[in-house]
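Here is the structure we will look at, set down as structure tokens.
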Amino acid sequence: MKINIFWFRRDLRLSDNHGLYQALSVDLKVVPIFRRIM
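Numbering (the numbering used here), first residue to last: 43 to 80.
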């Protein structure tokens with residue numbers, strides 16, 4: 043099974059995130075990852 047992994051690097055903005063749009067436009071499941079470092 044193939045999936046797309048999308049790593050949010052700086053913030054969780056969705057409205058202008060070109061990389062996320064590209065990941066969602068392919069017919070694969072997308073696993074979003076965000077690691078918050080304090």
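Just so it is clear, CB atoms sit at the ideal spot from N, CA and C, and this is done for glycine as well.
(request) Please go through the same chain and pick out, in chain order, the residues whose beta-carbon is closer than 8 Å to the beta-carbon of V68, but skip the five residues on each side of it. (result) Numbered from 1 along the sequence shown, position 26 holds the residue referred to as residue 68. The answer, listed in chain order, is N46.
(message) Do L62 and F48 count as a contact pair if the criterion is CB distance below 9 Å?
(response) As a first step, residue 48 is located in the sequence shown; it is residue number 6 there, counting from the start. As a first step, residue 62 is located in the sequence shown; it is residue number 20 there, counting from the start. Yes, Cβ-Cβ distance for F48 and L62 is below 9 Å.
(request) Quickly, what does DSSP pair V87 with across the bridge? List them, please. (result) Because the chain here runs from 43 to 80, residue 87 falls outside it and cannot be looked at.
(request) Would you mind reading off the limits of the alpha helix (DSSP H) that contains S67? (result) Taking the first residue of the sequence shown as 1, we reach residue 67 at position 25. Unbroken alpha helix (DSSP H) run through S67: H60 to S67.
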